[in-house]
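The structure appears right after this line, and notes come after that.
Numbering (the working numbering), first residue to last: 160 to 314.
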C-alpha cells in the first residue's frame, strides 16, 4: 500500500461513525414509516439504547472492573453496531452491506492499533442484543384507514 493511502486510514476510522449516524437517520426515517413505527418514539428508544450501550461499554474504564484490559469492549465499535442494529431493525435488506462495512471498520481499528479483536468481540456480544431489546419497546404507530373514510366516521 502506498504511504499516501496509509496516511488517510486514521481519518477514515474517525469519520466512520459520524457518516454511519447520518445514514442511520436517513434510513430509519424511511424504514420506520414503511414498518408502521412512529419515528419519534423510535428515535428516543435508539438514543436510550446508545446511551445504555455507552455506559455498559465504558463502565470498565470508570470502575476499573478489569484493570488488565480497560479498552474492552470497544466504545466506537459499540456505537457503530448500535446504529447498524437500528438500520437492520427497520430494514433487514441492509444487513449484508453493513456486515461488510463493519468488518472493514473492525479490521481498520485493529490494524491501526486502537483495539484488539477481543475488544470487537465484546462489542458484538453486548451491543446488538441490548439495542434490539430496547428498540422493540418503541410503540407502533396507529395507521388510519385512508382507503375507507366511512370507517373513520363510524368509530
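Ideal Cβ placement from N, Cα and C applies to all residues, glycine included. Since the model is a prediction, treat every value here as computed from it, not as a measurement.
Quick test of your reading: residue 275 and residue 232, contact by CB under 8 angstroms. State the CB separation rounded to the nearest angstrom.
Wrong, their Cβ atoms sit about 10 angstroms apart, outside the cutoff.
Sequence ranges, beta strand (DSSP E) only - wholly within the segment 218-244, length at least 3:
none
Sequence-distant residues of its chain with Cβ nearer than 7 angstroms to residue 234 (five each side left out):
213, 216, 217
If you drop the 5 nearest sequence neighbours on each side, which residues of the same chain put their C-beta closer than 7 angstroms to that of residue 205?
245, 294
Is residue 189 buried or exposed, if buried means 16 or more other CB atoms sit within 10 Å of its CB?
exposed
Please tell me whether residue 282 has its Cβ less than 7 angstroms away from any Cβ of chain D.
Given the protein chain composition of this structure (a single chain), no chain D is represented.
List the endpoints of the continuous alpha helix (DSSP H) containing residue 280.
276-294
Could you name the residues of the same chain whose beta carbon sits closer than 7 angstroms to that of residue 149, not counting the 5 residues immediately before and after it, in chain order?
A question about residue 149 goes unanswered here, because the residues of the chain that appear run from 160 up to 314.
Among the candidates 254, 242, 290, 172, whose CA atom is the shortest distance from the CA of residue 181?
242
Compute the beta-carbon to beta-carbon distance between residue 271 and residue 172, rounded to the nearest angstrom, for a pair I have assumed lies under 8 angstroms.
6 angstroms
Let me make sure I understand the geometry here. Which of 236, 267, 184 has the alpha-carbon closest to that of residue 280?
236
Top-ranked residue by Cα proximity to residue 228, from 278, 287, 286
278
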